[in-house]
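Trainee: Chains A and B supply the protein sequences, listed in that same order.
Heads up: the first sequence begins at 1 in this note's numbering, then just goes up one per residue.
Heads up: the second sequence begins at 115 in this note's numbering, then just goes up one per residue.
Just so it is clear, CB atoms sit at the ideal spot from N, CA and C, and this is done for glycine as well.
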Amino acid sequence: ETGVTQTPRHLVMGMTNKKSLKCEQHLGHNAMYWYKQSAKKPLELMFVYNFKEQTENNSVPSRFSPECPNSSHLFLHLHTLQPEDSALYLCASSQPSTGTNEQYFGPGTRLTVT
Amino acid sequence: AQSVTQLDSQVPVFEEAPVELRCNYSSSVSVYLFWYVQYPNQGLQLLLKYLSGSTLVKGINGFEAEFNKSQTSFHLRKPSVHISDTAEYFCAVSDQGSNYQLIWGAGTKLIIKP
Numbered sequence: 001e002t003g004v005t006q007t008p009r010h011l012v013m014g015m016t017n018k019k020s021l022k023c024e025q026h027l028g029h030n031a032m033y034w035y036k037q038s039a040k041k042p043l044e045l046m047f048v049y050n051f052k053e054q055t056e057n058n059s060v061p062s063r064f065s066p067e068c069p070n071s072s073h074l075f076l077h078l079h080t081l082q083p084e085d086s087a088l089y090l091c092a093s094s095q096p097s098t099g100t101n102e103q104y105f106g107p108g109t110r111l112t113v114t
Numbered sequence: 115a116q117s118v119t120q121l122d123s124q125v126p127v128f129e130e131a132p133v134e135l136r137c138n139y140s141s142s143v144s145v146y147l148f149w150y151v152q153y154p155n156q157g158l159q160l161l162l163k164y165l166s167g168s169t170l171v172k173g174i175n176g177f178e179a180e181f182n183k184s185q186t187s188f189h190l191r192k193p194s195v196h197i198s199d200t201a202e203y204f205c206a207v208s209d210q211g212s213n214y215q216l217i218w219g220a221g222t223k224l225i226i227k228p
């Protein structure tokens, strides 16, 4: 049990759909992350939230919209996605006060855009 | 800019043989170093970490890594691998004082041959 849960684990959506990915951490951390992991590509950091405030947005297209209502929950709202957005989306959390950036990951959501 | 290089994209090795997965980083300041493992269809799990102190770090599942500051390396080793070690291994680095982020290597797939 990693302490970070993600739902759903698998998602198939059409390009005109709207869906949301959910992440919840039970570790008492204050920073949360969204990563995209595509086949044969390095891990891509998408967004970082610290104490509910977005601190990083790595030039992510606006069809991905993050939401962090509190330090334990993180959402990724998806709309009008493209087939190249098919990937494993990973959520992670960390405790900034440690200063190490050690991150704990959820199991991921496997997204397929048709 | 800081970077992490995992020279081998794949490492095939026979079961019960030793293995070394290489990781080199570029940084002019003190760093924290991590190895993560990703089993098929799962998220990333922390395998071991170097924060300070002894340069030889032991992790889960019999893995260990040695921090070599002069060579800016953090190679991962296991004296005898098992079929269950089949996974992708990621090296990551954090500058002391960096802003929440880990810098990731591209990953090394460990392939265990029976």
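Determine, for residue 24 (chain A), whether the minimum Cβ-Cβ distance to residues of chain B falls below 8 Å.
Mentor: Here residue 24 (chain A) corresponds to residue number 24 of the first sequence, with the count starting at 1. Judged by the 8 Å Cβ criterion, residue 24 (chain A) is not in contact with chain B.
Trainee: Check whether chain A comes within 8 Å of residue 208 (chain B), counting only Cβ atoms and requiring the distance to be less than that.
Mentor: Within the second sequence, the letter at position 94 stands for residue 208 (chain B). At least one chain A Cβ lies under 8 Å of residue 208 (chain B).
Trainee: I want to verify the contact list: residues of chain A whose CB lies under 8 Å from the CB of residue 163 (chain B), in sequence order.
Mentor: Taking the second sequence and counting its residues from 1, one reaches residue 163 (chain B) at position 49. Chain A residues near residue 163 (chain B): 100 and 102.
Trainee: What are the residues in the segment 137-158 of chain B lying within 8 Å of chain A by C-beta distance?
Mentor: 146, 148, 150, 155, 156, 157 and 158
Trainee: Counting only Cβ pairs nearer than 8 Å, list the residues of chain A close to residue 224 (chain B).
Mentor: Within the second sequence, residue 224 (chain B) is the residue found at index 110, counting from 1. Within chain A, no residue comes near residue 224 (chain B); the closest Cβ sits about 16 Å away, beyond 8 Å.
Trainee: Would a check of beta-carbon distances place residue 16 (chain A) closer than 8 Å to chain B?
Mentor: Position 16 of the first sequence, counted from the first residue, corresponds to residue 16 (chain A). Not an interface residue.
Trainee: Could you say which of A:87, A:33 and A:73 lies nearest to residue 96 (chain A) if we only look at CA atoms?
Mentor: For this step, residue 96 (chain A) is matched to residue 96 along the first sequence. It is A:33 whose Cα lies nearest to the Cα of residue 96 (chain A).
Trainee: With a floor of 3 residues, list each beta strand (DSSP E) that falls wholly inside the segment 5-67 of chain A, ordered by position along the chain.
Mentor: Taking only runs of at least 3 residues, the beta strand (DSSP E) segments lying wholly in the segment 5-67 of chain A are 10-13, 18-25, 31-37, 44-50 and 53-57.
Trainee: Tell me, please, whether the CB atom of residue 87 (chain A) is closer than 8 Å to any CB atom in chain B?
Mentor: If you number the first sequence from 1, residue 87 (chain A) lands on position 87. Not an interface residue.
Trainee: Could you check which residue in B:175, B:125 and B:145 has the C-alpha nearest to that of residue 100 (chain A)?
Mentor: The sequence position of residue 100 (chain A) within the first sequence is 100, counting from 1. The shortest C-alpha to C-alpha distance from residue 100 (chain A) to any of B:175, B:125 and B:145 is the one to B:145.
Trainee: Starting from the beta carbon of residue 50 (chain A), find every residue of chain B whose beta carbon is closer than 8 Å, and list them in chain order.
Mentor: Translated into the one-based positions of the first sequence, residue 50 (chain A) becomes position 50. Ordered by position in chain B, the residues that pass the 8 Å Cβ test against residue 50 (chain A) are 214.
Trainee: Should residue 217 (chain B) go down as buried or exposed, given a rule of 16 or more other Cβ atoms within 10 Å for buried?
Mentor: As a first step, residue 217 (chain B) must be located in the second sequence, where it is residue number 103. Looking at its Cβ environment, which holds 16 or more other Cβ atoms inside 10 Å, residue 217 (chain B) is buried.
Trainee: Helix, strand or coil for residue 84 (chain A)? Go by DSSP, reduced to three states.
Mentor: Position 84 of the first sequence holds residue 84 (chain A). The answer is helix: DSSP assigns residue 84 (chain A) an H, G or I state.
Trainee: In chain order, which beta strand (DSSP E) runs of at least 3 residues are fully inside the segment 156-191 of chain B?
Mentor: 158-164, 170-172 and 178-182
Trainee: In chain B, what lies closer than 7 Å to residue 74 (chain A) by C-beta?
Mentor: Here residue 74 (chain A) is taken as the residue at index 74 of the first sequence, counted from 1. Neighbours of residue 74 (chain A) on chain B: none; closest Cβ ~14 Å, over 7 Å.
Trainee: For residue 122 (chain B), name the three-state secondary structure that DSSP assigns.
Mentor: The sequence position of residue 122 (chain B) within the second sequence is 8, counting from 1. It is coil, neither helix nor strand.
Trainee: Check whether the Cβ atoms of residue 113 (chain A) and residue 46 (chain A) sit closer than 8 Å, and answer yes or no.
Mentor: By one-based count along the first sequence, residue 113 (chain A) stands at place 113. By one-based count along the first sequence, residue 46 (chain A) stands at place 46. In this structure, residue 113 (chain A) keeps its C-beta atom at 8 Å or more from the C-beta atom of residue 46 (chain A).
Trainee: Less than 8 Å between CB atoms is the rule here; does residue 204 (chain B) satisfy it with respect to chain A?
Mentor: In the second sequence, counting from the first residue as 1, residue 204 (chain B) sits at position 90. By this cut-off, residue 204 (chain B) is an interface position.
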